[in-house]
Amino acid sequence: MNQAGETGVLLEHLFRRQAGRMVAHLTGLLGPANLDLAEETVQEAMLRALQTWPYQGVPENAGAWLFRVAHNAAIDAVRRRRLTAKKEEEAVADITEAAESMLERPDLEEHLRDEELRMIFMCCHPEIGREASVALSLKTAGGFSVREIARAFLAEDAAVAQRLVRAKRQIRERGMTLEMPTGKDLEKRLDAVLEVIYFVFNEGYTAHEGEDLIRGDLCGEAFRLVRLIAGSALAQPRVHALAALIAFQWARSPARVDQLGNLVLLEDQDRSLWDAWLISLGFCHFDSSVAGDAASEFHVQAAIAATHARAASEGEIQWGIILQLYDDLLLMNPSPIVALNRAVAVAKVHGPQEALAGIEALRAEPKLRSYYLLLAVRGHLLLDLGRREEAAGSFQAALECRCSEPERRFLRRKLGECEAEPA
Amino acid sequence: MPQYMLLLYDDPSTWQKVSPDEMQKAIEKYMAWTKKPFTVDSKRLGEDAGRVIRNTGGKARATDGPYSETKEVLGGFYLIEAADYDEAVRLAKDHPHVEYGGTIEVRVLFGQ
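From first to last, the protein sequence lines are chains A and B.
Start counting the first sequence at 1; every next residue gets the next number (my numbering).
Start counting the second sequence at 1001; every next residue gets the next number (my numbering).
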């Protein structure tokens, strides 16, 4: 378990991590219908730490201390619930036994991981909507608060709280359990979990004004969750593919924004700033992802990211391979967004003229009609072709679409380039 | 150097919605303050209402402590060294307890 250092300095995010594990554990003991009670119990244990540690110092095994106090709080909560004497004694005995066995289990880490996975898989039950699954996973397994989730998703606190209340009601009313689904259901559920994880990562990764720390925490949580699954018996090749994809993309974040907070395009990024540790983890997971024949979208996306990661400089990017991979991806997922990304690779391989032809075809797509990125890519290609006035018009139109402040600044910069005298 | 007693009153409801991450940050701030060189001693009080001893008709009688009407309860104390009230107040103002909505009462120890 996590230890506090001798200096009393706690490991970063110890409480958040520990809260997730404790909620999962106590939900197992108190039953998913009592998820609220499990959360309150955990909150109480943390409050107890706040009240005593500053005066008495951090206990030697801070993680175990929190678990012990939470077990006691759970027993108090059970006693307050006015169950029949028999039921109360049974519940108390269960918790007491769990508390004792925790001290002796040689496989404690695996056991806690297993409990956490069960929790996440329940949070991603198909009857709970995607948005609610995301909020619930972050709240229960991730140890995020309502306010933190709201801030990360630029939502109102009340809206997030409402979503959680509804999800918990569904858990109660449908009698959902922490049992892992089996067979085909397990496969489906795993897909739902991976989608939620990738959604969390993308939310954290998308550039937003302020670059709030909490957004980086979302990326970290997504990566932690996918690796948690990758390290378990549930690890399918596509789990590793998603882990690789997240690692490669996240590795770029130090290079993605310059010192002024402006967006830097992938091709202009200083690759020496990419996080080498994450890149190497990405390749580890990528190697594991190629086991078996099944290829998921995550596989292809990870392969594209790996091709970028392999190039030492912008000039060494193997655009031919990337284009081929986009062709594969388009077959699996014929979405206009994929087609738009493919157009960038087309420009690199066959030149801006051909890419532009592809883009013009996409402009009719209702999904992309007011998508700033389509207009931005179009402007970029027109500028490459020397059609400055049209390029300026495209960037201007992009500025009128919904986009974040760093994206807006980027578009204004490009607009400036259109107006500058050719060198 | 004169010693001052800092009495920390807290409002437990403050912490109900605080995230684990914020809770950890709060603990770290409290602990950092406890380790400051001017801190002589610090103790946390039990959560119960305690007992009150009163002279009732010439006899010492103990009753259960006063269930305070106010939300704030005395939660702990610090003994610190400071040159004068001004310095003691300046140091106490910097305590994270204030940042998190608690109240601190500063009293000088007599006869030093």
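For every residue, glycine included, the Cβ atom is placed at its ideal position computed from N, Cα and C.
Residue environment, residue 389 of chain A, which counts as buried when at least 16 other CB atoms sit within 10 Å: exposed
Which listed residue (B:1073, B:1009 and B:1001) has its alpha carbon closest to that of residue 1118 of chain B: Shown here, chain B extends from 1001 to 1112; a query on residue 1118 of chain B therefore has no answer.
Beta-bridge partners of residue 1077 of chain B, as assigned by DSSP: B:1007 and B:1043
Minimum Cβ-Cβ distance from residue 156 of chain A to chain B less than 8 Å: no
Contact list for residue 148 of chain A against chain B, beta-carbon separation under 8 Å: 1019 and 1021
Chain-ordered residues of the stretch 134 to 145 of chain A with a beta carbon less than 7 Å from chain B: 143, 144 and 145
Cut-off 8 Å between Cβ atoms - residues of its own chain near residue 1099 of chain B, not counting five sequence neighbours on either side: 1029
Alpha-carbon spacing of residue 353 of chain A relative to residue 235 of chain A, whole angstroms: 43 Å
Complete runs of the alpha helix (DSSP H) confined to the stretch 274 to 357 of chain A [at least 4 residues]: 276 to 289, 297 to 310, 319 to 332 and 336 to 350
Any C-beta of chain A under 8 Å from that of residue 1042 of chain B: yes
Chain-order list of residues whose beta-carbon lies under 7 Å from that of residue 44 of chain A (same chain, five-residue window excluded): 73
DSSP bridge partner residues for residue 1056 of chain B (one or two, in chain order): B:1059
Integer-rounded CB distance, given that residue 1107 of chain B should sit under 8 Å from residue 1007 of chain B: 7 Å
Distance between residue 1001 of chain B and residue 1097 of chain B (C-alpha atoms, nearest Å): 24 Å
Bridge partner(s) assigned by DSSP for residue 1064 of chain B: B:1051
Cross-chain neighbours of residue 1034 of chain B in chain A, by beta carbon under 8 Å: 54 and 55
Pair within 8 Å by beta-carbon distance, residue 24 of chain A and residue 141 of chain A: yes
CB contact below 8 Å: residue 13 of chain A versus chain B: yes
Within chain A, partners of residue 1030 of chain B - CB distance below 9 Å: 50, 53, 54 and 55
Interface residues of chain A facing residue 1075 of chain B [CB-CB closer than 9 Å]: 51
Spatially closest choice to residue 241 of chain A from A:260, A:370 and A:293, by CA coordinates: A:293
Range covered by the alpha helix (DSSP H) that runs through residue 27 of chain A: 14 to 30
Alpha-carbon to alpha-carbon, residue 51 of chain A and residue 1079 of chain B: 17 Å
Residues that DSSP places opposite residue 263 of chain A in a beta bridge: A:257
Residues near residue 199 of chain A by beta carbon distance below 8 Å, same chain, minus five either side: 130 and 134
Distance between residue 284 of chain A and residue 123 of chain A (C-alpha atoms, nearest Å): 28 Å
The stretch 394 to 410 of chain A contacting the stretch 361 to 368 of chain A, beta-carbon criterion three pairs below 8 Å: no
Candidates A:92, A:237 and A:143: closest to residue 1019 of chain B by CA position: A:143
Closest residue to residue 326 of chain A among A:297, A:313 and A:312 (Cα-Cα distance): A:297
Minimum Cβ-Cβ distance from residue 1026 of chain B to chain A less than 8 Å: yes
Proximity winner among A:262, A:275, A:311 and A:256, relative to residue 269 of chain A (alpha-carbon distances): A:256
Residue ranges of each alpha helix (DSSP H) within the stretch 25 to 111 of chain A, 4 or longer: 35 to 56, 62 to 80 and 85 to 104
Sufficient close CB pairs (3 or more, under 8 Å) joining the stretch 175 to 194 of chain A to the stretch 115 to 122 of chain A: yes
Where residue 165 of chain A falls, given that 16 or more other Cβ within 10 Å makes a residue buried: exposed
is_contact[residue 46 of chain A, chain B] using C-beta, thresh 8 Å: yes
One or two residues paired with residue 1107 of chain B in a DSSP bridge: B:1005
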